[in-house]
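Undergrad: Right, I'll just put the structure down here and ask away after.
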Amino acid sequence: MNIITLRRALLCSASGMALAFSATVSTAQDLSAAEGFLGTLVLGNNKRDVQTDTATPETTITAEEIRDRQANSIAELIDSVPGVTLVNSGTPTGAGINIRGYGADGTYGSNQKVQIQLDGASMGSEELYRIGTQLYTDPSLFREVSVIRGTVGSYEYGSGVIGGVVNLETIDASDLTEGEIGLSGRQTFEYYGNGNTKVSSTILGWQPTEQLEFLLNYTWREQGNYKDGDGNEVANTGYELPSYLVKGKYSFGDNADQSLTFSRSETTSDEKDVPYDAFAGTRTFGNVDRYTETTTTSLQYAYNPAGNDLIDLTANLSYADQYIEQEMVSGSPFSAALLNADHRYETTKLTVKNTSLFSAFGVDHNLRAGGEIIHKERLSASSAPGGTDKRFALFAIDEIDFGNGLTLTPALRYETQDIESNSTGTYVTEGESFSNSELMGGVSARYAFDNGFAVFGSVAYTAGLPILDDFDYATYQTYMTQSEKAVTYELGVSYDRVGLFSGDDQLKAKANLWQTRLWDYTSGTDYATVDRVNTEGLEIEASYSHGSGLYVDMNANFSSGEWAYVDGSTADYTRMPANSLGLTLGKKFNDTLDLSWEAVLTKDIQSTPGYAVHNLRATYALDTAMLKEAEIRVGIENLFDTQYTPHLATRAAPGRNIKLSLAAAF
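This is the structure in structure tokens:
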């Protein structure tokens, strides 16, 4: 996709947005004019807010939207973000997250180009063969999920981030108790017709004092094989997924300006006689019994003294343990080593970060600076070389406000690495080690006009240090000292206006044009023939809300890519997401009823046909004397039972699925 094509796409999308918004606004004004209608409601009825106040391409999914989307997995929850696509969905072990064409690719479930952080802990970024993203955590555990696309906002989270960052933040007891002493809780039951899915989520929050709070969550999720749009059962898509979260926080010091927060979450999956190939779900390699256990533990100290803008300190010690035990049930003797392989990834990380607000040289600064110590250890397996990867990093991000609408944000990250093999493989011998270091950084600029418009742009360079998987190549001695490098350029415009057509409406929109060049390519099975990868795209997010309760949400993605081979030839980059448009029209009736229709449209890409899928959602708040926040949610996904297979997926998507949720707090 060249710049002219992108510009045309932007203009066409803007025209479509204008028509949709105009129609909605006209309807809203007509309804508001009707005598005795509903009166004026507060703004911000949208499912999702558009982050117009930053140059970073970031999307935040709140707890309300998490409940509203009724997703089976974290991967399914974020696939509505522009630029994000899934390599399959519907099962935790067979799904992967792809952002801007990087991350899961159908062969490996993840890599360091997409970072996943859970309460500050780094989740799996290993190239695990034919197994999904290794993120089996249930959506019910989280209060907020944010997705940063691209490199510019990634320097405090890791190196080599080209696709983006997924930040997961677990719920707090105070979310339930609202800071008051006592016991509160929430119980949710869900049932999905397609796949006979049953979900129970129990959350208890207890504050014995104002300074002390505890939380306990247990979620059970069980699904059978689902059916596609043609009514055919899709084999090996059933699973059981129990999850729990325990969390405690103690606040102390002057005005409770210090705190200690402990959290531990665990999710397990126990599958019997299933294909080793969790992506395709076929028996090409044979069948296994697979037990997966994902555990994340973190301890965070925070210090934010009142009246001192120079100190807002956090120190987070985290431990992520991902264990996969496999036993061969059937298959070729030549595949026995692969099918019987056990995997374990343990990542211990200490992150210390401080935020300072100060003025210097006539401008205001918001400086985030810190350091990380990372120790990753991986068990050796036939398809995954084992070893240790020790890293030390320093980072700084300074948001400089010039006071005239201009904000400039330079960012730096310096990272060193000592990586060592702990076993003798096809090429490497035990004890071989390498040391590497990289300095990376970027800068973004944003200028806000007085009329609600803002323009922004950025350039960001990152380097992916070698990973343990690189020991598996015949040329490992080269690749263990060579970083993957990428530079991303971004240019965009945003608009935020209250009172656009009337005194009680709001329009927020953001369009972002990006281009990435990756070289010194070492990841993927085609590493030997690829010289570089060029990708580019346009992402659009917009929302309109009216005081009458009407709202419109829209997002779009247009992107393309190119392989550039060492022999000088080129080809379409096969891992890009399909061009897509998502549109939601909804209406909130006071705080009682929320009705919405969502359409997801994609264009043909390579050999994958485009499709149109429609979803309906309704939430009704019950007025009860004993319970609070009691509500019924009904969702109908794939309303017209469309038969389709998303691009990058290896199996058909679910057909029509009616979802029912009952929830109440006490």
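Residue numbering for the sequence shown follows our numbering, starting at 277 and increasing by one per position. We put the CB at the ideal spot given by N, CA and C, even for glycine.
Would you be able to state if there are at least three C-beta pairs under 8 Å between the region 882-899 and the region 908-916?
TA: yes
Undergrad: Can you have a look at T485 and say buried or exposed, based on whether 16 or more other CB atoms are within 10 angstroms of its CB?
TA: With fewer than 16 other Cβ atoms within 10 Å, it is exposed.
Undergrad: Buried or exposed: where does K904 fall if 16 or more other Cβ atoms within 10 Å of its Cβ makes it buried?
TA: exposed
Undergrad: Applying the 10 Å Cβ sphere with the 16-neighbour rule, what's the burial state of I881?
TA: It counts as buried.
Undergrad: Rounded to the nearest angstrom, what separates I934 and T473 at their Cα positions?
TA: 10 Å
Undergrad: Quick check: the Cα distance between N470 and Q388, rounded to an integer number of angstroms?
TA: Roughly 34 Å between the two C-alpha positions.
Undergrad: Taking C-beta to C-beta, are E622 and E603 nearer than 8 Å?
TA: no
Undergrad: When we look at the beta-carbon of E874 and count the other beta-carbons within 10 Å, is it buried (16 or more) or exposed?
TA: buried
Undergrad: Compute the Euclidean distance between the alpha carbons of S778 and K786, then round it to the nearest angstrom.
TA: 21 Å
Undergrad: Give me the Cα-Cα distance between L655 and E601, rounded to the nearest whole angstrom.
TA: 11 Å
Undergrad: Since Q805 and G837 are thought to touch, with beta carbons under 8 Å apart, how far apart are those beta carbons, to the nearest angstrom?
TA: The identity of residue 805 in the sequence shown is Thr, whereas the question assumes Gln. About 16 Å separates the two Cβ atoms, so there is no contact after all.
Undergrad: Taking Cβ positions, are N493 and Y520 nearer each other than 8 Å?
TA: yes
Undergrad: Enumerate, from N- to C-terminal direction, the unbroken beta strand (DSSP E) stretches of 3 or more residues contained entirely within the region 857-933.
TA: 869-878, 887-897 and 904-913
Undergrad: Mind checking which residues open and close the alpha helix (DSSP H) that includes Y755?
TA: Unbroken alpha helix (DSSP H) run through Y755: Y752 to Y755.
Undergrad: What whole-angstrom Cβ distance do L826 and K784 have, given they're in contact under 8 Å?
TA: Between K784 and L826 the Cβ distance is about 15 Å, and since that is not below 8 Å, they are no contact.
Undergrad: Buried or exposed for Y467, please, with buried defined as at least 16 other CB atoms from any protein chain shown within 10 angstroms of its CB.
TA: exposed
Undergrad: Among T335, S574, V605 and V421, which one has its Cα closest to the Cα of L593?
TA: S574
Undergrad: Sort out for me which residues DSSP pairs F834 with in a bridge.
TA: Partner residues in the beta bridge of F834, as assigned by DSSP, are L814.
Undergrad: If you draw a straight line from the C-alpha of V357 to the C-alpha of D829, how long is it?
TA: Taking the straight line from one Cα to the other gives about 12 Å.
Undergrad: Would you call M902 buried or exposed, if buried means 16 or more other Cβ atoms sit within 10 Å of its Cβ?
TA: exposed
Undergrad: Within 10 angstroms of the Cβ of S606, are there 16 or more other Cβ atoms? Answer buried if so, exposed if not.
TA: The residue in question, S606, is exposed, as its Cβ has fewer than 16 Cβ neighbours within 10 Å.
Undergrad: Which of the three DSSP states is assigned to D796 in this structure?
TA: coil
Undergrad: Could you round the C-beta distance between E569 and Y599 to whole angstroms and report it? I think they count as a contact, below 8 Å.
TA: 5 Å
Undergrad: State the CB to CB distance for the pair T868 and Y896, rounded to an integer number of angstroms; the pair is presumed to be in contact (CB under 8 Å).
TA: Separation of the CB atoms of T868 and Y896 is rounded to 7 Å, and the pair is thereby assigned contact status at 8 Å.
Undergrad: How would you label Y841, buried or exposed, when you count the other beta carbons within 10 angstroms and need 16 or more for buried?
TA: exposed
Undergrad: For S713, which residues from the same chain have a beta carbon less than 6 Å from its beta carbon, with the 5 sequence-adjacent residues on both sides left out?
TA: T692
Undergrad: Are there 16 or more other CB atoms within 10 angstroms of the CB of T627, so buried, or fewer, so exposed?
TA: buried
Undergrad: Is the region 918-931 touching the region 435-444, taking contact as three or more C-beta pairs under 8 Å?
TA: Too few Cβ pairs lie closer than 8 Å, so no.
Undergrad: Taking only three categories from DSSP, how would you classify D674?
TA: In this structure, DSSP gives D674 an extended state, which the three-state scheme calls strand.
Undergrad: Give me the residue from E542, D618, N630 and E760 with the minimum Cα distance to D585.
TA: N630
Undergrad: How close, in whole Å, do the beta carbons of A847 and G886 come, if the pair is a contact with beta carbons under 8 Å?
TA: Wrong, their Cβ atoms sit about 21 Å apart, outside the cutoff.
Undergrad: Report the rounded CA-to-CA distance for E675 versus G701, giving the unit in angstroms.
TA: When rounded, the distance between both Cα atoms is 47 Å.
Undergrad: Would you decide whether A511 is buried or exposed? Buried here means 16 or more other CB atoms lie within 10 Å of its CB.
TA: exposed
Undergrad: Rounding to the nearest angstrom, what Cα-Cα distance links A940 and G461 in this structure?
TA: 8 Å
Undergrad: Flag this pair as touching only if the region 416-430 and the region 331-342 have three or more C-beta atom pairs under 8 Å; answer yes or no.
TA: yes
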